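In order, the protein sequence lines correspond to chains B and Z.
Heads up: the first sequence begins at 1 in the working numbering, then just goes up one per residue.
Heads up: the second sequence begins at 1 in the working numbering, then just goes up one per residue.
Let me begin by presenting the structure, written as structure tokens, before commenting on it.
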Amino acid sequence: MQRQKSLLSFFQKS
Amino acid sequence: MLELRLLQGGLLKKVLEAMKDLVNDANFDCSPTGFSLQAMDSSHVALVSLLLRSEGFEHYRCDRNVSMGMNLNNMAKMLRCAGNDDIVTLKADDGSDCITFMFENPSQDKIADFEMKLMDIDSEHLGIPDAEYQSIVRMPAAEFARICRDLSTIGDTVLISVSKEGVQFSTRGDMGTANIVCRRTTTVDKPEEDVIIEMEEPVSLTFALRYLNSFTKATPLATQVTISMSSDLPMVIEYRIEGMGYIRYYLAPKIDE
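Quick look at the structure:
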């Protein structure tokens, strides 16, 4: 199974 | 006071068509640099970043930085009322809760004003650091759109693998599998048809085709698309808008559990 990563796990909220 | 006059109104129509399926509501930011937007889809998997530089407008007046919340579907509906060759002007007074789109036909004997209500939107702005990507592929935008469309009839996800020789797109579904390889080209006479690969390290990543198909709505904006990938970063798909700026899409990969 593959899991969809979120953008929030790569980029910080500014 | 904000007043932005764009001779190629059709370009703004295309920009809206390229974003409205991904994002419902977004803040447009207007500064002396240009007219820009950054917005994520509701599931925080994809992000669109738009920049239309002030130099690309025939007239650009933006007295102070403003952020204007708009419903992109409604904005697209209004812009669909403009002709492709119309000149489009965006106007807003300081503190106003609406924006006016003015359309002038090329012979300037028909002028239309459409006023749209602005919205208050709590935007989540992400800081996206500049990155060196391990693999960068530049290829015809229409070819990339065709591949995404074709593969989505077979499967839901695509494995994109970049090597020195080319880029491979693979999918699998209930009925079977599909592989499409685009080899690096060496022609010099038609650069718009070339597949160019800049590779530091080979990369293989899996992405949801649903999002890629949504990004390819930007195909009418550019002849070439640039796909940048690194194993530890979201991919970036960039369509350069000639003389104006870009529309970039960021997409988080799918990973094995």
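Each residue gets a CB set at the ideal place from its N, CA and C atoms; glycine is no exception.
Since we're looking at a predicted model, the values are computed, not measured.
Residue i lies in the beta strand (DSSP E); which residues open and close that run?
i              : result
G173 (chain Z) : G166 to G173
L221 (chain Z) : Note, L221 (chain Z): premise wrong, no beta strand (DSSP E); not H, not E.
N27 (chain Z)  : D25 to C30
L159 (chain Z) : T157 to V162
E104 (chain Z) : C98 to E104
P202 (chain Z) : Neither: P202 (chain Z) is in no beta strand (DSSP E) and is coded neither H nor E.
D256 (chain Z) : K254 to D256
Q108 (chain Z) : No beta strand (DSSP E) holds Q108 (chain Z); DSSP gives it neither H nor E.
E3 (chain Z)   : L2 to L6
Here's the rule I'm using: 16 or more other beta-carbon atoms within 10 Å means buried, otherwise exposed. How should residue i be labelled?
i              : result
K13 (chain Z)  : buried
K164 (chain Z) : exposed
R3 (chain B)   : exposed
Q38 (chain Z)  : buried
D120 (chain Z) : exposed
C30 (chain Z)  : buried
C98 (chain Z)  : exposed
G56 (chain Z)  : buried
C81 (chain Z)  : exposed
A266 (chain Z) : The displayed coordinates of chain Z run from 1 to 257. Any statement about residue 266 (chain Z) would go beyond what the structure contains.
R248 (chain Z) : buried
V181 (chain Z) : exposed
So residue i is in the alpha helix (DSSP H); what residue range does that whole segment cover?
i              : result
M119 (chain Z) : No alpha helix (DSSP H) holds M119 (chain Z); DSSP gives it neither H nor E.
A46 (chain Z)  : Run containing A46 (chain Z): none in the alpha helix (DSSP H); it sits in the beta strand (DSSP E), A46 to R53.
R210 (chain Z) : L209 to F215
E17 (chain Z)  : G9 to E17
Helix, strand or coil for residue i? Go by DSSP, reduced to three states.
i              : result
F11 (chain B)  : coil
C148 (chain Z) : helix
T186 (chain Z) : coil
V195 (chain Z) : coil
S42 (chain Z)  : coil
K91 (chain Z)  : strand
M244 (chain Z) : coil
L126 (chain Z) : strand
A82 (chain Z)  : coil
N65 (chain Z)  : coil
A131 (chain Z) : coil
E58 (chain Z)  : coil
L72 (chain Z)  : helix
Under 8 Å between C-beta atoms, does residue i make it to chain B?
i              : result
A178 (chain Z) : no
L212 (chain Z) : no
I255 (chain Z) : yes
P234 (chain Z) : yes
E124 (chain Z) : yes
V45 (chain Z)  : yes
G127 (chain Z) : yes
A18 (chain Z)  : no
A26 (chain Z)  : no
M40 (chain Z)  : yes
T206 (chain Z) : yes
A222 (chain Z) : no
A218 (chain Z) : no
Y246 (chain Z) : no
Say whether chain C places a C-beta atom closer than 8 Å to the C-beta of residue i.
i             : result
T33 (chain Z) : The structure shown contains no chain C; its protein chains are B and Z.
For the segment 58-66 of chain Z against the segment 10-24 of chain Z, are there 3 or more C-beta pairs whose distance is under 8 Å? no
For the 8 Å Cβ check, are there 3 or more pairs between the segment 220-236 of chain Z and the segment 138-150 of chain Z? yes
With three or more beta-carbon pairs closer than 8 Å as the criterion, would you say the segment 88-98 of chain Z touches the segment 40-56 of chain Z? no
At least three beta-carbon pairs within less than 8 Å, the segment 145-154 of chain Z to the segment 188-208 of chain Z: no
Count the C-beta pairs between the segment 4-14 of chain B and the segment 67-86 of chain Z that are closer than 8 Å, then say yes if the count reaches three, no if not. no
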